[in-house]
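Presented below is the structure to which this report refers.
So this is what it looks like as structure tokens:
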């Protein structure tokens, strides 16, 4: 018994304290989302009711186009995830499998670029897209396609880097065998490499989905119109620093928006953790 | 095999043709709008696509090109553009090019004649489709039709007048309807309708016309503006404005973005109104990033050590501790923002306190650190528990045989080894938090800010959020200065990151 106290009790003490810290905000959001008062003030930390009033407000209020925001977020993040992997995979293949002059320099440059916080060039992106707007109003500042293009460019560095890391771990013997049989680089890529790398590509696509979902500043700068906003920009504008108003629907909205991300994250844990040690930090 | 080869060749040509057509189309429209740099990039991109995919110059390039074009257009291009912007006077009031500025100054450089009568106007078109106004002044009984080129006096008998004596229609004149009017909005605002001599009519709103005359005149030979009425001369002051030669502080607005080379960088050091807040923000940025990494690592390590040995409940704790990291960080930050609310927030409620968290500098800073600890400790828990397993247990056993106490083993053997493994990650996390814009912007907005002295830098502002305020703030948007600070941040972050890479020996793995 004394031994148990010494070796395990302290673990539970720390474990429970940290559990309280980790779970408190999440618990509070669930509590607020299902409370009928919808107020920020918590009268009791023990749930006494299960009301879906906040969810009703969220989906029916004409001032909160929540479903439109949800759709925008899914479309933008989904397209970025798919397109950036399609574009990034070929570069990662070249870095991982082909030999060519300037490969080392290219990798060093890529390493630098993938660490460069996109936000630093924000004013430049803003001015450039403002100019694009003058001749291509559908792709300039304030449009979703414009935002998509900027995201694709920004995701490129990190994604190629991540993909290269994963791709390096796929055995080269198979594509070497294809080469021996007389396949060109393009054939090796499409017929051998892509089928082999498909699961890895899916993982990177999902990671980039989470990354785009969490992006705030560009979305905020680009999507001014209420109906073109993403969840992040929409909910931020909706709560707008005035936490006491709208807290209930906000809690309900952020709960719904968080669930898919948490599920994706937990199911990809293994890959994310191996990516963590490669030096990438989730946004 | 032959069929697939033919098919893929065919597909390749078609795709190349489609991509080049689209790019050329945009390049031409860009050129037509005078965006030569963008047009140039698009033309080069098109040429690169055609050469790469339709010839056999380089096979690796076939794989690289799409990614490279995106990287260049939206990452490297903006970086270069940021550096160039930082050498310009580029801010509210100095936003357009010099020729545009001269055009605007001439347009604005008019003065209304106070003694002249004003007119009620109706907008319309002449029989040949020219924009025209039907002007009436019922007091002096003057009616006329005016376009930008000519003025035709009309007799009241030719017109339909309303009860106020304002002409509503005239022969050879069609009144514009609302839709046409909004279509011609720009033309209407800029048109100078003919009056007598130098004088012309400018619209005030949509139904009143005032008599104006040009007061500012531009002389392109000497590049100066002259005000005909006051006699003042304005000269290019080298900082993007025309300034009165007798009184240099009197400048004409709007100015233009003009090259000032390294003045922004110089001002960061020499101008106290810029240096003081910047220094304050600079110190807090380092403090914030350092404290964040320290607290996140300490708690992560503590949790990792706690869960290092199998015991009942370990899996439960493990799955709970990952949750903060799995949540979308934006949502978490906003939720924490609500919890720190003074009046109704759960934190004050829980501890029975009444602290105005975001109104007091120290409390706001503490809140920022606590929230960031919550967001980031699972990351360090995950990486340190991985690292702990990577340390061979023989080392600790050997130390125990040599008589070391558990505490000594930890501080002398485990911790130094652990630090060696995770130090690149500590550096990377430092660099990331150095630019953790979302946290600051969404939680405190950089505040609290001392509004009395008009300073925009708040107590929790880090360099990047301060830069954002400078570039996109509510009063003056100074893109030039913001770019200069961005360049400085980039240099800092790049050197921190390079140091981290050296330590992690990532570079050695490049073959």
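Chains as they are written, first to last, in the working numbering: chain A, 77 to 359; chain B, 506 to 1016. Quick reminder that beta carbons are idealized off the backbone N, C-alpha and C, glycines included.
- Nearest Cα to residue 933 of chain B within the set B:986, B:898 and B:997: B:997.
- Residues of the stretch 938 to 950 of chain B with a Cβ closer than 8 Å to any Cβ of chain A, in chain order: 940, 942, 943, 946, 947 and 950.
- For residue 658 of chain B, the enclosing beta strand (DSSP E) starts and ends at 656 to 659.
- Not one beta carbon of chain A lies nearer than 9 Å to the beta carbon of residue 614 of chain B.
- Secondary structure at residue 746 of chain B: coil, using DSSP grouped into helix, strand and coil.
- In the DSSP annotation of this structure, the continuous segment of the beta strand (DSSP E) that includes residue 706 of chain B starts and ends at 705 to 709.
- Around the beta carbon of residue 181 of chain A, fewer than 16 other beta carbons lie within 10 angstroms, which makes this residue exposed.
- Under the three-state reduction of DSSP, residue 806 of chain B is assigned to helix.
- For residue 87 of chain A, the enclosing alpha helix (DSSP H) covers residues 86 to 109.
- For residue 247 of chain A, the number of other beta carbons within 10 angstroms of its own is below 16, and it is reported as exposed.
- When Cβ pairs closer than 8 Å are counted between the two stretches, the stretch 959 to 970 of chain B is seen to touch the stretch 931 to 950 of chain B, the count reaching three or more.
- For residue 980 of chain B, the number of other beta carbons within 10 angstroms of its own is below 16, and it is reported as exposed.
- Per DSSP, reduced to three states, the secondary structure at residue 690 of chain B is helical.
- Annotation note: the stretch 110 to 164 of chain A contains the following uninterrupted alpha helix (DSSP H) runs of length 4 or greater, listed N- to C-terminal: 129 to 136.
- Look at residue 248 of chain A here: in three-state DSSP terms it is coil, with no helix or strand label.
- Residues of the stretch 798 to 809 of chain B with a C-beta less than 8 Å from any C-beta of chain A: 804, 807 and 808, listed in chain order.
- Note on geometry: alpha-carbon atoms of residue 827 of chain B and residue 883 of chain B lie some 6 Å from one another.
- At a Cβ-Cβ threshold of 9 Å, residue 231 of chain A and residue 288 of chain A count as neighbours.
- Straight across, the Cα-Cα distance linking residue 227 of chain A with residue 156 of chain A is about 7 Å.
- For residue 752 of chain B, the secondary structure class from DSSP, reduced to helix, strand or coil, is coil.
- Residue 161 of chain A and residue 281 of chain A have their alpha carbons spaced roughly 6 Å apart.
- When secondary structure is reduced to three states using DSSP, residue 628 of chain B falls in the strand class.
- The DSSP-derived three-state label of residue 910 of chain B is coil.
- No Cβ-Cβ contact shorter than 9 Å links residue 724 of chain B with residue 741 of chain B.
- Taking 9 Å as the CB threshold, residue 842 of chain B lines the interface with chain A.
- Within chain A, not a single residue places a beta-carbon under 7 Å from that of residue 856 of chain B; the smallest gap is close to 12 Å.
- Cβ-Cβ separation between residue 304 of chain A and residue 184 of chain A: approximately 38 Å, too far for a contact (criterion under 8 Å).
- Taking the C-beta atoms as reference points, residue 865 of chain B is found no nearer than 9 Å to residue 859 of chain B.
- Residue pairing by DSSP places residue 761 of chain B opposite B:601 in a beta bridge.
- Per DSSP, the unbroken beta strand (DSSP E) holding residue 647 of chain B starts and ends at 647 to 651.
- Going by DSSP, residue 553 of chain B is part of the alpha helix (DSSP H) stretching over 541 to 559.
- For residue 741 of chain B, the beta-bridge partners assigned by DSSP are B:747.
- Between the stretch 896 to 914 of chain B and the stretch 829 to 847 of chain B there are fewer than three inter-stretch CB-CB distances shorter than 8 Å, so the stretches are not counted as touching.
- Among the CB atoms of chain A, none fall inside 9 Å of the CB of residue 696 of chain B.
- A distance of 9 Å or more separates the beta carbons of residue 330 of chain A and residue 116 of chain A.
- Fewer than three Cβ pairs drawn from the stretch 205 to 212 of chain A and the stretch 594 to 606 of chain B lie within less than 8 Å of each other, which leaves the two stretches out of contact.
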